[in-house]
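In structure tokens:
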């Protein structure tokens, strides 16, 4: 522990000091200014530069405020936040809540009504003893965030504000480096005690190891003696071993003779196989010629069909345009015909009126009787009134008729929409039912993936296993094929499903007998009329077809075969046979697939491609997929289930919305039908009234009048009627001409449309037989391909067998060379051997058994020697280790005895030093005192005599007055400070119960100690004003403002600022 020079304390001066408090400057370089012009040195590491609190205890905001490097007084009334600063220092530096005597939990330090509290403490980090100076710089900022639930988190920042660490272990390392600890640990006694305990535990463990080693030594010594005795009792077996060596020589050359015979047989088989391979090559060439002819025929027919299709597609837009033109011209002609007929009817009505007027004029001219004039006038008046009434009724009739049309249109529109929504509801219900079935299958497949291929698949596979165990199958069927393949790229799942389709549920059988057994098993699990999985019959092989010469290739896109991981050769060969997966490319992007397959010549051997959306792309055709997600090959079942559950939920909500809409429409239709019935009833009533009034008018007009009328008026009316007739006749002629013109245009458009439609029908008739021919040609191509594949497989199988024989020949030749080399090593000269290798092997085994029997009774000499050497070395090694450990224990005991004496001496020195300081400090007021340290029980007792030393007995601390007890406590604390190495000391309300004399003496003691320890920092909290302090650059006074009601921030300010305010 470092020693520092300290001064003895003398009696304080009685002279009264003038009140002098200086205004503090709180900038960063304030502490450096204190030391200018003096030789004194301030602390460089571990002291507190500043502290800032937020929502801590009952304070919304305290600080930020900065401390000086030596003495700091924090003054203020109760509630101003002094104790909160001390509590924050303890908590902020990692202390527990109970250590503050302010609460049992951290959450108690969060201000009421707030969610968290924050503490920021800045420690000085300068000089040679700085902690990670290159990382933190000249200061370390410790920020602690306390949540309302009692949890807390740390941020350790550098001088530049960057976060260095958030771990509490880093904070503990900083506190250990700066020696910021409690009393026992600050004096290093605790660390020495822990080290001593650990070493003693290690010593006891070592003693136990020595004891175990000694026991082991006894056992090893016994084993070593036994091995030595066995080694000395072994006899020789030279004769049997010599005979064994002779038999080994014969055995070596017998093996060479047998391999030479096998080589000759293999060479004969290879010659026969090469002749057969030549015959298969000729058949392959013939089959290839037939395949080329079939493919050329298929291509020619396909070209013709594509040409017809292109011509048909080219004429389709013209046909549609002509059809639309025919419809438009028919509509125009019909409208013109309606107008013409309307004008014709109007002309006929005018002509009839003209005839009636002429007849009436003639009758009036003949009439000479004027006696009925009043009656005629009355009749005319009534007729006029009736006509006005008819006109009013007709207006109402037109209005009601419009309402009827509106209601009918509304009802028709609602019914049309009702039917549309009903159909939509039915479609959604079908989709919902399908999705629910899929969802059930997916949920079942979570526990058993095979259920994805059908609910009966696990049971069917179990039945297949049972039948195979019972010997009903030649080879166990393989399937479903979808469960035997794995995707390399999950994004291609839908594309591969669209390509393979029903093959994913198919099963493979070795022959038709196995197929019949499997069909019988399927009948047990699939009802009649329901679809069953397909069965592929193909001979099982152990190797996958070599399709490199006929497979499609593109540098950027895989084929279905390369996109799958297939462990079973039977599955791969079945998919190659049934679907040609080596010729199908997988291209994720639709536009890129069109470009690869249609904008240019397709890649070699590629007939089609599939996109990630499942669309199928040919060189001249494109078919969109009906599926939107994979059913069998998706890996993320949980995601599929979640998506389907969302779809089911959406479709259920959609059905509910549609049903609500249907209900609304049905109500609207019912309401409109009721209104329509009312309007129709009103319409009928108006019709009856109109007919009744018109009938009455006609009766009045038909009454014979013999009275004289105004003939001139009737003649004017007749003339006006003739003018109307002439106008209508002219208009009718124009409409007739227009109608005839439109009719000719209509006939012309119909002829054009019929002509192009006839041509399209002719093209369709030409295409139908070509399609049949194309299907036949396609079948022929497939047949020729199967034939070619058959010969290729035979050729491959034969070549594989032939190559296998050649490899076997090479291996046998190498084996012959090795065996001959081994034989020469065993016996340099070749021996003529009459016995076979098997006979020699039996003789060698019999001789070895005899030798082993001898060894079993006596043991092997070399093995016994080896065991003896190992036992001896193990014994000597362990004996050396035990001796070394005994020396180590002896040396460790001597060292620990010396260290313990040193520890006791160090503890005694600290105790005496603390007592000396305590007595010296008490003597400042002529007090006497005792400090009794009980290191065994780890207790401390203090007694103080306030009067002269020889006139009063020592008193317990509880018997002292408040001032005496406070003074004694200050002396005790200063004594502890004198032996502690912490860089700063904090003391709260040390002078509360002191009178002025005790307070001044205690203050002098503290200031004298601070002056002698300028490398330490002192933070003293007191409610006193500290107006009597001396003027010094080393003293800084921080005054806390008095709390106010409703105040959320409690700032501090220097004392001189407050005095200036008072003087004003």
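In the working numbering, the protein residues as written are 18 to 1081. Ideal Cβ positions, reconstructed from N, Cα and C, are used throughout, including at glycine. A quick note: this is a predicted structure, and the numbers were derived from the prediction, not measured.
In the DSSP assignment, residue 182 falls within the beta strand (DSSP E) that extends over 180-182. Annotation note: the segment 495-549 contains the following uninterrupted alpha helix (DSSP H) runs of length 4 or greater, listed N- to C-terminal: 510-517, 529-542. Between residue 496 and residue 516, the CB-CB gap reaches or exceeds 8 Å.
Judged by beta-carbon spacing, residue 68 lies within the 8 Å limit of residue 105, meaning their Cβ atoms are closer than that value. Looking at 567, 403, 150, the one whose alpha-carbon comes closest to that of residue 710 is 403. Between residue 907 and the set 224, 134, 895, the nearest pair of CA atoms involves 224. In this chain, the alpha helix (DSSP H) harbouring residue 986 covers 979-996. Ranked by Cα distance from residue 990, the first of 761, 746, 936, 759 is 936.
Secondary structure at residue 627: strand, using DSSP grouped into helix, strand and coil. Taking a contact to require three or more Cβ pairs closer than 8 Å, the segment 856-867 and the segment 263-273 qualify as touching. For residue 300, the closest alpha carbon among the candidates 916, 801, 932, 821 is that of 801. Annotated three-state conformation of residue 1053 is strand, per DSSP. Per DSSP, the unbroken beta strand (DSSP E) holding residue 958 starts and ends at 956-962. In this structure, DSSP gives residue 143 a state outside helix and strand, which the three-state scheme calls coil. When secondary structure is reduced to three states using DSSP, residue 134 falls in the strand class. Between the beta-carbon of residue 944 and that of residue 963 there is about 6 Å, and that keeps the pair under the 8 Å contact cut. Within the DSSP bridge table, the entry for residue 67 names 83, 139 as partners. Three or more Cβ pairs closer than 8 Å define a contact, and the segment 209-216 meets that threshold against the segment 907-927. Residue 171 carries a strand assignment under DSSP once its states are collapsed to helix, strand and coil. Using a Cβ distance threshold of 8 Å, residue 498 and residue 591 count as a contacting pair. Taking all protein chains in view, the Cβ of residue 1030 is crowded by 16 or more other Cβ atoms within 10 Å, so the residue is classified as buried. The bridge partners DSSP lists for residue 1014 come to none.
DSSP, read as helix, strand or coil, puts residue 158 in strand. Rounded to whole angstroms, the Cβ separation of residue 126 and residue 159 is 16 Å, and the two are not in contact under 8 Å. Secondary structure of residue 950 (DSSP, three-state): strand.
Between the alpha carbons of residue 439 and residue 316 lies a distance of about 48 Å. The closest CA to that of residue 297, considering only 983, 1038, 804, 953, is found on 804.
Residue 237 sits buried, since 16 or more C-beta atoms from the chains shown fall within 10 Å of its C-beta. Looking only at 144, 545, 576, 288, the smallest Cα-Cα distance to residue 820 is reached by 288. Judged by their CB atoms, residue 626 and residue 601 are nearer to each other than the 8 Å cut-off. In its chain, beyond the 5 residues on either side, 257, 260, 261, 264 have a beta carbon closer than 7 Å to the beta carbon of residue 864.
Within the model, the alpha-carbon separation for residue 669 versus residue 678 is close to 14 Å. About 6 Å separates the CB atoms of residue 686 and residue 432; that is less than 8 Å, so the two are in contact. In this chain, residue 1046 is not harboured by any alpha helix (DSSP H), its DSSP state being neither H nor E.
The DSSP-derived three-state label of residue 633 is strand.
797 is the residue among 797, 867, 1043 whose C-alpha sits nearest the C-alpha of residue 313.
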